[in-house]
Structures are given as structure tokens and as C-alpha cells.
Amino acid sequence: MTNRTPGKLIAFCGLDGAGKTTQLDRLARHLERYGTVFRTTLPTDWFRQDPAVRAYLNQEIENTDIFLSELALFSSADRLRYLRSELQPRLAAGEIILSDRHILSAYTSLLAAGFKDLPWLMSLNRLMPVPDLTIYLDVDPAISSQRVLARDGAAHKRQEVDLEFLARTRAAFIDQPWGPDYLPSYAIIDGSGPADEVEAKIREAADALFDGVGAG
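Below, the structure written as C-alpha cells:
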């Protein structure tokens, strides 16, 4: 669903270890000149802390069609609840929302796990506002895996360092099987370079949303 509110929704997507959190925090500070900035993460803890979801992330459960459909329904319900209770009021108030992950992260993860019915998955999320800007930070799976291991050590989730799974996820982000017209603005940015260079490219893409808007 197109975002028709006074607010702006910017989503960060990419593999774990791509630098999403770092760059989201940097962009948040930069965009404060344009208004109130709200930082969030999707899905919420309601989904992420579920035992079955944790088993999925640790590759301890078989990815059957039934189980992946269950995950799709659960993640969609989580997003819709959060949309109603948190995102809609903030967008209506004109806030700038920066989301660490959004609907594309669900699409790419499930596709990489073997889920086939993307049209059904998209229909589940049809009421979610499409971001005004989606930033995909692209890094090689080997780099993202190394970053996760350095960050989390033994606490990492198996899926986060599974190079084959990560390669399939990355391919989905690049190939955009949801169609080129699904998103109004989709920026693929190389996340493997120096953080300052990555930040400059993200700022350029984000500032374009505020052309004609005076800094506060």
C-alpha cells in the first residue's frame, strides 16, 4: 500500500552484518534537521523471540511448506499489529520512520528458505505501507558472515553464517522478484566500503525525499 501520510518511511534491508544498524543510526542523526525521527526494527520481539522462529533461525526445524506458511502468517500478523499500534499514528503525525528491515526482508528470507508462493506472501502484506525509500546494503555473504562471527561469536544464529542461504537471500534482493514497480524508490548501495562512503550514498538517496523541505 502506498504511503499517503505526511510522514516518511525509510527501510534498511540487507544481510545480517551488512551494516544496517550503523547506517540507520547515522542517517537518523542526519535527518533530524527535517523533523522527528523514529527508529524501529521489524519484525518485533513478539515474532523474533518465538521458540519456533528461533529454531528456524538456528536451522533446527525442517522448512516444510506448512511451516514456512506459518512463519509467513505470523510475521505478517506481527507487522500489521505494529502498523496499527505504532507506525500509522507516527506517520499520520508527520514523523520520519527508519525501519531496520521491512517486508522485503520477510520475502527474501522465506524465498531463500524454499518458499515458492511469493504472490500469496505479498497479498498477506498488502496493507503494509510501501517505504518511500528502501535502502538495500549489498555485501558479499562471506563478508557478512565474518562480521556476524566477529560481532556475536558463539551466540550467532546458524542461518546468519550459512553462505548458501545468504547467497540465495542476496540474489533475491538484487533480482527483485516482487517486480520493479513494487517500490517507488529502491537503492542498492555497496555496503562493503568505508562507513563514511556508504553513509554519503545513503544521505544522497534520503535527502532526495525532502527536496523543497526546509531544515529545522
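Just so you know, we're using the working numbering here: the sequence shown kicks off at -12 and counts up by one. Even glycine gets a Cβ: it sits at the ideal position worked out from N, Cα and C. No experiment lies behind these values; they were computed from the predicted model shown.
Around the CB of GLU151, fewer than 16 other CB atoms lie within 10 Å, so the residue is classed as exposed.
Of all C-beta pairs linking the stretch -6 to 12 to the stretch 51 to 69, fewer than three are shorter than 8 Å, placing the two stretches out of contact.
Below 8 Å, too few C-beta pairs join the stretch 133 to 143 and the stretch 79 to 97 to call them touching: fewer than three. For the pair TRP33 and ASP3, the CB atoms are not nearer than the 8 Å cut-off.
For ASP12, the uninterrupted alpha helix (DSSP H) segment begins and ends at 7 to 18.
Taking a contact to require three or more Cβ pairs closer than 8 Å, the stretch 146 to 166 and the stretch 18 to 37 do not qualify as touching.
In this structure the stretch 166 to 178 lies against the stretch 113 to 123, because at least three pairs of beta carbons, one per stretch, are closer than 8 Å.
CA-to-CA, the gap between ASN45 and VAL135 works out to about 14 Å. Short of 8 Å from the beta carbon of ILE176, and not among the five residues preceding or following it, lie these beta carbons of its own chain, in chain order: ILE122, TYR123, LEU124, ASP125, VAL185, LYS188, ILE189 and ALA192.
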